[in-house]
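**Q**
Number of protein chains: 2
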Amino acid sequence: MKSLIKAILVGLALSIGAGIAGADDRFQLLFSGRAKLLDLTYPINKGNAYWPGSAYFPFTLKNIANIDKDGVYSNSFSMPEHLGTHMDAPSHFVKGQLSLDQIPLTQLFGPAVVVDVRQKVDKNPDYQMSIQDLKGWEQAHGLIPDGAIILMYTGWGERWSDFNSYRNRDAQGNLHFPGYSPEVAQFLIKEKSIYGIGIDTLSVDYGLSKDFKVHHICHGAGKYHLENVANLDKMPANGAYLILAPIKIEGGSGGPTRIYAVLP
Amino acid sequence: MKSLIKAILVGLALSIGAGIAGADDRFQLLFSGRAKLLDLTYPINKGNAYWPGSAYFPFTLKNIANIDKDGVYSNSFSMPEHLGTHMDAPSHFVKGQLSLDQIPLTQLFGPAVVVDVRQKVDKNPDYQMSIQDLKGWEQAHGLIPDGAIILMYTGWGERWSDFNSYRNRDAQGNLHFPGYSPEVAQFLIKEKSIYGIGIDTLSVDYGLSKDFKVHHICHGAGKYHLENVANLDKMPANGAYLILAPIKIEGGSGGPTRIYAVLP
């Protein structure tokens with residue numbers, strides 16, 4: 000009988016050890032260079048997509064000093080806040096809402112919900128995400144968790160290297176790319192407890208939008224947007240976690256944002 | 000005997016549960032808005048410290064659109080890469096080393112080692128960290144862990160709101176603020192396995208440095224720097240973890256960086 004108890008004790012001790020190590024791994028791995036990390040941020044350069052309009056302009060890098068001449072390499076740069084992979088702060092469309100530097104850190108960490116709508120976008124570049132698309136995600140993966148950051152995966156990232164194809168303007172100057180529908184924005188704000196929404200196109204409102212309803216709905220509820228999100232083809236639909244790090248411009252309406260994903 | 004076995008099993012089951020929950024908490028808390036987070040980043044504005052020299056200039060924000068007139072609020076901005084809370088990429092001083100966008104994500108997550116040298120700086124604003132300061136930290140907290148990010152806490156952050164006091168130039172134009180000694184940089188590179196070093200002043204080399212030896216030593220070994228790090232008065236000496244998120248400027252020598260601390 001003593002040997003039975005001993006066997007039970009040894010067995011359980013081993014499983015405690017394995018259990019704790021397994022659970023602890025995720026935090027330990029993250030801070031010891033061994034987690035699977037993915038960068039959802041495009042490098043910023045003069046080819047980065049920016050919004051059409053005379054006040055917007057490409058990223059500009061100016062050399063200040065170089066090692067051969069000055070012993071040090073250094074640049075200055077100019078850019079619109081809403082260029083490349085960036086965040087829209089709630090103040091972007093709604094007065095009195097938070098600016099970029101005021102968004103609480105806790106809202107910049109959360110589970111990623113990646114909604115793949117590529118098949119619909121293939122048939123219709125003006126596609127807007129439907130509530131059914133969200134319900135489909137929930138049927139496959141369970142309810143959208145509290146504090147989620149929704150990422151709409153349209154496949155538009157394939158066009159990133161060609162600015163004209165990415166903007167996709169027609170002869171009349173109208174933009175054609177997919178986005179969220181106002182109904183989905185409304186549903187996420189009212190029925191779910193999310194932190195923000197993102198997309199792999201130039202805007203969370205689809206290209207043809209003239210009233211930017213999704214911007215008004217989400218920002219009005221204090222939620223941020225991520226635009227021109229990179230590498231969604233490498234993201235799982237569920238199980239990844241995001242860390243968002245916007246440049247901390249005081250009073251900014253938005254700005255370039257580093258987006259890290261911790262993969263399962 | 001059966002009841003003894005049962006008691007052992009129940010007790011062990013409870014401790015397994017507690018053990019796993021306790022360990023898992025750190026990752027779960029981080030991604031559910033319940034971790035203790037601290038922002039080591041100053042808001043970027045026109046008052047932000049930048050390096051002296053004719054090619055450097057203050058942060059400039061230009062309004063592009065406002066809600067009353069245009070229905071949307073948006074700005075553009077210009078700044079030197081090395082302004083406010085920022086990272087120096089290894090390419091800043093050493094040719095062939097990594098630019099800002101090339102630093103591996105794994106090196107941007109790690110334990111914080113906060114070395115408090117305020118008492119010495121109080122007596123001497125030109126103080127340089129000594130190897131004894133590092134040894135003192137190790138005597139109190141154990142060996143500097145692999146992948147650590149060292150933060151030199153000089154107390155200089157109290158001067159941040161007054162640019163002149165922060166730069167601290169004398170009548171001859173010489174800067175007076177503390178930094179790392181070249182010996183400490185050499186020791187960290189040779190004897191330890193760190194990811195980078197940071198400080199709450201304008202430069203990891205002290206103000207009087209003319210040859211920027213610390214920059215050359217660290218960058219030559221592929222290590223980055225963090226400068227003008229905020230809120231070190233709120234950091235524990237040991238037990239916090241850092242997440243670094245530099246703006247992803249292609250080929251950048253450095254740039255504004257969001258620094259998050261996960262507190263114990």
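Top line first, the protein sequences correspond to chains E and V. Residue 59 in numbering that gives the first Met the number 0 is what sits at position 60 of the first sequence, and the numbering runs on without skipping anything. Residue 115 in numbering that gives the first Met the number 0 is what sits at position 116 of the second sequence, and the numbering runs on without skipping anything. All C-beta atoms, glycine included, are put in the ideal place defined by N, C-alpha and C. These numbers come from a predicted model, not from an experiment.
What residues from chain V crowd round residue 66 of chain E, counting only those whose CB sits closer than 7 Å?
**A** Along the first sequence, one-based indexing puts residue 66 of chain E at 67. What residue 66 of chain E touches in chain V: 94.
**Q** At which residue ranges does the region 127-200 of chain E contain complete alpha helix (DSSP H) runs of 4 or more residues, listed in the order of the chain?
**A** 130-140, 162-166 and 181-190
**Q** Distance check for residue 123 of chain E and residue 41 of chain V, CA to CA, integer angstroms please.
**A** Residue mapping note: residue 41 of chain V aligns to position 42 of the second sequence, counting from 1. Residue mapping note: residue 123 of chain E aligns to position 124 of the first sequence, counting from 1. In this model, residue 41 of chain V and residue 123 of chain E are separated by some 44 Å (Cα to Cα).
**Q** Taking Cβ positions, are residue 269 of chain V and residue 204 of chain V nearer each other than 8 Å?
**A** No answer is possible for residue 269 of chain V: it lies beyond the span of chain V, which begins at 0 and ends at 263.
**Q** What residues of chain V sit near residue 188 of chain E, judged by a beta carbon separation below 7 Å?
**A** Indexing the first sequence from 1 puts residue 188 of chain E at position 189. Those do not exist, as residue 188 of chain E stays about 17 Å from chain V at its closest Cβ, beyond 7 Å.
**Q** Under 8 Å, Cβ to Cβ, is there at least one residue of chain E near residue 80 of chain V?
**A** Numbered from 1 along the second sequence, position 81 holds the residue referred to as residue 80 of chain V. It does; some Cβ of chain E falls within 8 Å.
**Q** If we define contact as Cβ-Cβ less than 8 Å, is residue 32 of chain V a contact residue for chain E?
**A** Position 33 of the second sequence, counted from the start, is the residue given in the question as residue 32 of chain V. Closer than 8 Å to some Cβ of chain E, the Cβ of residue 32 of chain V qualifies, so yes.
**Q** Pick from V/78, V/237, V/33 and V/170: whose alpha carbon is nearest that of residue 140 of chain V?
**A** Numbered from its first residue, the second sequence carries residue 140 of chain V at position 141. It is V/237.
**Q** Any C-beta of chain V sitting closer than 8 Å to the C-beta of residue 226 of chain E?
**A** Residue numbering aside, residue 226 of chain E sits at position 227 when the first sequence is read from its first letter. No, no contact with chain V.
**Q** Considering only DSSP beta bridges, list what residue 252 of chain V is partnered with.
**A** Looking up residue 252 of chain V in the second sequence gives position 253. BP columns for residue 252 of chain V are empty, so no partner.
**Q** Cβ closer than 9 Å: which chain V residues qualify as neighbours of residue 247 of chain E?
**A** Along the first sequence, one-based indexing puts residue 247 of chain E at 248. Those within 9 Å of residue 247 of chain E in chain V are 38, 40, 41, 42, 43, 83, 84, 255 and 257.
**Q** Suppose you measure from the CA of residue 49 of chain V to the CA of residue 79 of chain V; what does that come to, to the nearest Å?
**A** Residue 49 of chain V sits at position 50 when you count from the first residue of the second sequence. Residue 79 of chain V sits at position 80 when you count from the first residue of the second sequence. Using only the alpha carbons, I get a separation of about 8 Å.
**Q** Would you kindly work out how many angstroms separate the C-alpha atoms of residue 116 of chain V and residue 158 of chain V, rounded to a whole number?
**A** On the second sequence, position 117 is the one that residue 116 of chain V refers to. On the second sequence, position 159 is the one that residue 158 of chain V refers to. Rounded to whole angstroms, the separation of the alpha carbons of residue 158 of chain V and residue 116 of chain V is 16 Å.
**Q** With 8 Å set as the bound, which would you pick, yes or no: does the beta-carbon of residue 162 of chain E sit closer than that to a beta-carbon of chain V?
**A** Sequence index remark: in the first sequence, residue 162 of chain E carries index 163 (1-based). No, residue 162 of chain E does not count as interfacial toward chain V.
**Q** Please report the residue range of the alpha helix (DSSP H) in which residue 69 of chain E lies.
**A** The residue labelled residue 69 of chain E in the question sits at position 70 within the first sequence. Per DSSP, residue 69 of chain E belongs to the alpha helix (DSSP H) from 66-69.
**Q** Any C-beta of chain V sitting closer than 8 Å to the C-beta of residue 251 of chain E?
**A** In the first sequence, residue 251 of chain E corresponds to position 252, counting from 1. Closer than 8 Å to some Cβ of chain V, the Cβ of residue 251 of chain E qualifies, so yes.
**Q** DSSP state of residue 105 of chain E, grouped into three classes?
**A** Within the first sequence, residue 105 of chain E is the residue found at index 106, counting from 1. Looking at residue 105 of chain E - three-state DSSP - the assignment turns out to be helix.
**Q** Identify each residue in the region 107-134 of chain E for which the Cβ-Cβ distance to at least one residue of chain V is less than 9 Å, and report them in chain order.
**A** 107, 108, 109 and 110
**Q** Note down the Cα distance separating residue 36 of chain E from residue 168 of chain V, rounded to an integer number of angstroms.
**A** Locating residue 36 of chain E in the first sequence gives position 37, where the first residue counts as 1. Locating residue 168 of chain V in the second sequence gives position 169, where the first residue counts as 1. Approximately 43 Å between the Cα atoms of the pair.
**Q** What does DSSP give as the partner residues of residue 61 of chain V in its beta bridges?
**A** What you label residue 61 of chain V is simply residue 62 of the second sequence in a count that begins at 1. In the DSSP assignment, residue 61 of chain V is bridged to V/75.
**Q** Give the range of the alpha helix (DSSP H) segment to which residue 218 of chain V is assigned.
**A** The residue you call residue 218 of chain V lines up with position 219 of the second sequence. Here the alpha helix (DSSP H) through residue 218 of chain V covers 212-219.
**Q** Just grab the DSSP bridge partners of residue 49 of chain E for me.
**A** In the first sequence, residue 49 of chain E corresponds to position 50, counting from 1. Looking at the DSSP assignment, residue 49 of chain E forms a beta bridge with E/82.
**Q** For the region 186-206 of chain E and the region 217-233 of chain E, state whether three or more C-beta atom pairs, one from each stretch, are separated by less than 8 Å.
**A** Touching, per the Cβ criterion.
**Q** Please report the distance separating the alpha-carbon of residue 135 of chain E from that of residue 111 of chain E.
**A** Locating residue 135 of chain E in the first sequence gives position 136, counting from the first residue. Locating residue 111 of chain E in the first sequence gives position 112, counting from the first residue. If I take the Cα positions, the gap works out to 16 Å.
**Q** How big is the Cα-Cα spacing for residue 121 of chain E and residue 138 of chain E?
**A** Along the first sequence, one-based indexing puts residue 121 of chain E at 122. Along the first sequence, one-based indexing puts residue 138 of chain E at 139. Looking at the two C-alpha atoms, the distance is approximately 23 Å.
**Q** Checking contacts by CB at 8 Å: is residue 74 of chain E closer than that to chain V?
**A** Within the first sequence, numbered from 1, the residue matching residue 74 of chain E stands at position 75. Answer yes: the Cβ-Cβ gap between residue 74 of chain E and chain V drops below 8 Å somewhere.
**Q** Which of the three DSSP states, helix, strand or coil, is assigned to residue 232 of chain V?
**A** Stepping through the second sequence from its first residue, residue 232 of chain V is reached at position 233. Helix at residue 232 of chain V.
**Q** Give me the chain V residues within the contact set of residue 100 of chain E, using Cβ-Cβ distance strictly less than 7 Å, ordered along the chain.
**A** For this step, residue 100 of chain E is matched to residue 101 along the first sequence. Simply 42.
**Q** If you count every other CB in all the chains shown that lies within 10 Å of the CB of residue 96 of chain E, and 16 or more means buried, which is it?
**A** Looking up residue 96 of chain E in the first sequence gives position 97. Buried, by the Cβ-count rule.
**Q** Is residue 174 of chain E buried or exposed, if buried means 16 or more other CB atoms sit within 10 Å of its CB?
**A** Position 175 of the first sequence, counted from the first residue, corresponds to residue 174 of chain E. Label assigned to residue 174 of chain E: buried.
**Q** Please confirm whether residue 25 of chain V has its beta-carbon closer than 8 Å to some beta-carbon of chain C.
**A** No chain C is part of this structure, whose protein chains are labelled E and V.
**Q** Report the partner residues of residue 257 of chain V according to the DSSP bridge assignment.
**A** As a first step, residue 257 of chain V must be located in the second sequence, where it is residue number 258. Residue 257 of chain V is bridged to V/244.
**Q** Locate the beta strand (DSSP E) running through residue 38 of chain E, then write down its first and last residues.
**A** Locating residue 38 of chain E in the first sequence gives position 39, counting from the first residue. Residue 38 of chain E -> beta strand (DSSP E) spans 36-38.
**Q** Let me make sure I understand the geometry here. Which of E/107, E/84, E/108 and E/67 has the alpha-carbon closest to that of residue 90 of chain V?
**A** Looking up residue 90 of chain V in the second sequence gives position 91. The option with the nearest alpha carbon to residue 90 of chain V is E/67.
**Q** Could you tell me the boundaries of the alpha helix (DSSP H) in which residue 118 of chain E lies?
**A** Along the first sequence, read from residue 1 onward, the residue named residue 118 of chain E stands at position 119. Its alpha helix (DSSP H) spans residues 117-122.
**Q** Quick one: list the residues of chain E neighbouring residue 105 of chain V, beta-carbon separation under 8 Å, in chain order.
**A** Residue mapping note: residue 105 of chain V aligns to position 106 of the second sequence, counting from 1. Here the neighbours are 32, 33, 34 and 36.
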